[in-house]
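Student: This is the structure I have questions about; it appears just below.
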Amino acid sequence: MKLKPLNDRVLVKRLESEEVSAGGIIIPDTAKEKPMKGKIVAAGPGKADDSGKIIPMTVKEGDAVLFNKYAGTEIKIDGVEHLVMREDDILAIIEM
Amino acid sequence: MKLKPLNDRVLVKRLESEEVSAGGIIIPDTAKEKPMKGKIVAAGPGKADDSGKIIPMTVKEGDAVLFNKYAGTEIKIDGVEHLVMREDDILAIIEM
Amino acid sequence: MKLKPLNDRVLVKRLESEEVSAGGIIIPDTAKEKPMKGKIVAAGPGKADDSGKIIPMTVKEGDAVLFNKYAGTEIKIDGVEHLVMREDDILAIIEM
Amino acid sequence: MKLKPLNDRVLVKRLESEEVSAGGIIIPDTAKEKPMKGKIVAAGPGKADDSGKIIPMTVKEGDAVLFNKYAGTEIKIDGVEHLVMREDDILAIIEM
Amino acid sequence: MKLKPLNDRVLVKRLESEEVSAGGIIIPDTAKEKPMKGKIVAAGPGKADDSGKIIPMTVKEGDAVLFNKYAGTEIKIDGVEHLVMREDDILAIIEM
Amino acid sequence: MKLKPLNDRVLVKRLESEEVSAGGIIIPDTAKEKPMKGKIVAAGPGKADDSGKIIPMTVKEGDAVLFNKYAGTEIKIDGVEHLVMREDDILAIIEM
Amino acid sequence: MKLKPLNDRVLVKRLESEEVSAGGIIIPDTAKEKPMKGKIVAAGPGKADDSGKIIPMTVKEGDAVLFNKYAGTEIKIDGVEHLVMREDDILAIIEM
Chain L
0 MKLKPLNDRV LVKRLESEEV SAGGIIIPDT AKEKPMKGKI VAAGPGKADD
50 SGKIIPMTVK EGDAVLFNKY AGTEIKIDGV EHLVMREDDI LAIIEM
Chain G
0 MKLKPLNDRV LVKRLESEEV SAGGIIIPDT AKEKPMKGKI VAAGPGKADD
50 SGKIIPMTVK EGDAVLFNKY AGTEIKIDGV EHLVMREDDI LAIIEM
Chain A
0 MKLKPLNDRV LVKRLESEEV SAGGIIIPDT AKEKPMKGKI VAAGPGKADD
50 SGKIIPMTVK EGDAVLFNKY AGTEIKIDGV EHLVMREDDI LAIIEM
Chain Y
0 MKLKPLNDRV LVKRLESEEV SAGGIIIPDT AKEKPMKGKI VAAGPGKADD
50 SGKIIPMTVK EGDAVLFNKY AGTEIKIDGV EHLVMREDDI LAIIEM
Chain D
0 MKLKPLNDRV LVKRLESEEV SAGGIIIPDT AKEKPMKGKI VAAGPGKADD
50 SGKIIPMTVK EGDAVLFNKY AGTEIKIDGV EHLVMREDDI LAIIEM
Chain Z
0 MKLKPLNDRV LVKRLESEEV SAGGIIIPDT AKEKPMKGKI VAAGPGKADD
50 SGKIIPMTVK EGDAVLFNKY AGTEIKIDGV EHLVMREDDI LAIIEM
Chain F
0 MKLKPLNDRV LVKRLESEEV SAGGIIIPDT AKEKPMKGKI VAAGPGKADD
50 SGKIIPMTVK EGDAVLFNKY AGTEIKIDGV EHLVMREDDI LAIIEM
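Residue numbers (numbering that gives the first Met the number 0), protein chains in the order written: chain L, 0 to 95; chain G, 0 to 95; chain A, 0 to 95; chain Y, 0 to 95; chain D, 0 to 95; chain Z, 0 to 95; chain F, 0 to 95.
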């Protein structure tokens, strides 16, 4: 069983803090809005423009991404914390 | 007698918690915004774009879907809890 | 004398609770937002799009419809309660 | 001297309560939002669309109309109460 | 020295109350939103539409107009009270 | 070193009160929203329209302008007070 | 490892106060909204317009920029304070 996000939504697996601090990116403790790291598990087809044409997504399955802490809706899949959010809530792709 | 949702609205039958926890997706108790599972019972034709052309729906009758807890308007049909909501309130299709 | 709703507005006669509970649709007492049943008495021509072209209405005179409790403006015609609302306030057409 | 409303605005003469209750339309005392009756005294040319083209008005001078109680800006002309409002504040034309 | 309003703005000289009540238009004392009379002293070229094309103004220098009391920004020119406001804040042109 | 404003932003040098009152324009002390005088020091290329095409600016370097008191972001350059604001915050060009 | 900002977002390295005051631009202590200096470390490809076409960015990697104090989301990379913000939060490019 898997989730297929609608429109421009993505399903993101939140990465652990251990992983987050690894690799040089440290989320500051006192930041007003703390970004978090995650991995795209599934991506929707994209949002329809005003004429119904689908605008393709920038992110794809497997991408490691940074997103705002308060973005999206939480959901547990097999006990693991995931989030469903819109692509626009993603700040940046982490390239390695 | 049946309901025919208008525009981009769908009629969703809310699935029981037993069904929700089956299959690996567990809705966290403490989530700020808890998504819920349901089944599309009827779907509207789609929203008209700025020139009046209908943009077709992504979900269809029979789809199992996840949606935000506070989405839509509640209605009981033959004693069973249903919701009328906009397609954009649906987070993801659950594929099995 | 009759009312001719403007643009995408409709004139709806609110149906009695007795009629509402007949036919299997029961409006829950504790619902956060309770939909109500009514009958379209008159429908406007439709909303103009950005270029002034009229987008035709989905509902028509005689349709039984569900709408949100707080939609529209109340008006009594010959002692009977009616509502003037926008088509977008209608949730679904009740087919029989 | 007369007023020429701008864009999609209309100048409406508010009709007396006596007139309002005549003819079968009675405004309920306890309605959350009470519509009122009036007569169009002057109508603007219509609103410009995004490309500057004028979208013609639906109402015209002489039309009896229903409008929301709190719509528009009050103005007295020769001691008679009038309102300047946008066409979209008009709910319906009263045909006789 | 003169002011050249930008885009769809106009420079309006507020007319005195004496002038306002002359000619049959009396501004009610208890109105929730009192319109005021003024004369267009200078008008901008018009607002650019989405493609940068200028939509011409409806009002022009010399027009007597009605506008909402709280519209615009006050400025004194040679001791006389003026207002800079957008054309859309003007309710109607007063024709004589 | 100089500043190049982005999009439809301008860099404005605020003119002294002495200069403001000179030339007949006096800013009223009790105005709800007091406009201020300034000189355009640098202007951006203009805002991109929906298709990415640049809509050219109306104001240019050297123009004397009126703007709302609370517009823009303050910045000191070589000890002189400047503001970075959007062109739409400018009320009028002062021609001399 | 590096960050690739999405859409019209940029990754900005905040410049130290020492650097900020150098070069003639002094950020006032009492300004209601204080702009800050930074350097573009990475820029996204640009925002998609309504038809999905990418509108190219104005700023590029290496640009020194001014931005509002409260813009963006803070993130530390290898202990250095960075911000992810939208291009529209940038006020001006500092040319040297």
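Ideal placement from N, C-alpha and C gives every residue a C-beta, glycine not left out.
1) Nearest CA to the CA of M95 of chain Z: which residue from Z:T72, Z:I76, Z:D62?
2) Relative to the C-alpha of F54 of chain Y, which residue among A:M56, A:K59, A:K46 is closest?
3) Evaluate the contact criterion for the stretch 81-93 of chain D versus the stretch 6-15 of chain D: three or more CB pairs, one atom per stretch, below 8 Å.
4) Please classify E80 of chain L: does DSSP put it in a helix, a strand, or coil?
5) Can you list, in chain order, the residues of its chain whose CB lies under 7 Å from that of K1 of chain Y, leaving out five sequence neighbours each side?
6) Can you give the beta carbon distance from L65 of chain F to K36 of chain F, rounded, assuming they're within the 8 Å contact cut?
7) With a threshold of 9 Å between beta carbons, is G43 of chain Y in contact with chain D?
8) Measure from the C-beta of I54 of chain A to each C-beta in chain Y and report whether the shortest distance is under 9 Å.
9) Could you tell me the distance, in whole angstroms, from the CA atom of D88 of chain G to the CA atom of N67 of chain F?
10) Quick check on E86 of chain Z: does DSSP put it in helix, strand or coil?
11) For the stretch 75-95 of chain F, list every residue whose C-beta sits within 8 Å of some C-beta in chain L, in sequence order.
12) Does any residue of chain L bring its CB to less than 9 Å from the CB of D62 of chain F?
13) Mind pulling the chain Z residues with CB within less than 7 Å of K1 of chain D?
14) So L90 of chain D and T72 of chain Y are in contact, right, with Cβ under 8 Å, and what is the actual spacing, rounded?
15) Where do the ends of the beta strand (DSSP E) carrying V40 of chain Y lie?
16) Measuring CB to CB, does I93 of chain F end up less than 9 Å from K3 of chain Z?
17) Name, please, each residue of chain F whose Cβ falls closer than 7 Å to the Cβ of P4 of chain L.
18) Hey, E60 of chain A and I39 of chain A: beta-carbon distance below 9 Å or not?
19) Under 8 Å between beta-carbons, which chain E residues line up against D49 of chain G? List them in chain order, please.
20) When you compare the CB of V58 of chain G with every CB in chain L, is at least one pair closer than 9 Å?
21) Who are K100 of chain Y's beta bridge partners in DSSP?
22) Just curious, the beta strand (DSSP E) that K12 of chain G is in, first and last residue?
23) State the DSSP-derived secondary structure class of G65 of chain Z, mapped to helix, strand or coil.
24) Taking the beta strand (DSSP E) that K3 of chain Z belongs to, which residues open and close that run?
25) Could you have a look at K75 of chain D and say whether DSSP puts it in helix, strand or coil?
26) Exposed or buried, G43 of chain G, counting other C-beta atoms within 10 Å across all chains shown (16 or more means buried)?
27) What residues in its chain sit with their C-beta under 8 Å from that of D49 of chain G, if we drop five residues either side in the sequence?
28) Apart from the five residues on each side of it in sequence, which residues of its chain come closer than 7 Å, Cβ to Cβ, to V58 of chain Z?
29) Find the residues of chain Z that neighbour L65 of chain F, judging by a C-beta separation of less than 8 Å, and give them in chain order.
30) Hey, how far is the Cα of A21 of chain L from the Cα of K52 of chain L?
31) Residues of chain L with CB under 8 Å from L10 of chain F, in chain order?
32) Determine the direct distance from the alpha carbon of Y69 of chain L to that of G78 of chain L, and round the result to whole angstroms.
33) Using three-state DSSP, classify A70 of chain D as helix, strand or coil.
Tutor: Looking at the atomic coordinates:
1) Nearest of Z:T72, Z:I76, Z:D62 to M95 of chain Z, Cα basis: Z:D62.
2) Note on residue identity: the sequence assigns Ile, not Phe, to residue 54 of chain Y. Comparing Cα positions, the closest option is A:K46.
3) Yes, since at least three Cβ pairs between the stretch 81-93 of chain D and the stretch 6-15 of chain D fall closer than 8 Å, the two stretches touch.
4) strand
5) A41
6) Between K36 of chain F and L65 of chain F the Cβ distance is about 6 Å, and since that is below 8 Å, they are a contact.
7) yes
8) So, not an interface residue.
9) Near 34 Å, if we compare the C-alpha coordinates of N67 of chain F and D88 of chain G.
10) Reduced to three states, the DSSP call for E86 of chain Z is helix.
11) K75, I76, D77, G78, E80, V83
12) no
13) Residues of chain Z passing the Cβ test: E94.
14) Rounded, the Cβ-Cβ distance is 6 Å, consistent with contact.
15) Residues 34-42.
16) Going by C-beta atoms, I93 of chain F is nearer than 9 Å to K3 of chain Z.
17) Near P4 of chain L there are no residues of chain F at all, since even the closest Cβ is about 16 Å away, more than 7 Å.
18) yes
19) Note that chain E does not occur in the displayed structure, where the protein chains are L, G, A, Y, D, Z and F.
20) yes
21) In the structure displayed, chain Y extends from 0 to 95; residue 100 of chain Y sits before or after that span and is not available.
22) 8-13
23) Reading the sequence as shown, one finds Leu at residue 65 of chain Z and not Gly. In this structure, L65 of chain Z counts as strand in the three-state DSSP scheme.
24) 1-4
25) strand
26) Looking at its Cβ environment, which holds 16 or more other Cβ atoms inside 10 Å, G43 of chain G is buried.
27) Cβ neighbours of D49 of chain G beyond the five flanking positions: none.
28) The answer, listed in chain order, is V9, I39, A42, V64, E86, I89, I92.
29) L2, I74, V83
30) Residue confidence for A21 of chain L is low, a pLDDT of 44 falling below 50, so the modelled location carries little weight; the figure read from the coordinates is stated next. Rounded to the nearest angstrom, the two C-alpha atoms are 40 Å apart.
31) Going along chain L in sequence order, the residues near L10 of chain F (Cβ under 8 Å) are A91.
32) One alpha carbon belongs to G78 of chain L, the other to Y69 of chain L, and they sit about 20 Å apart.
33) coil
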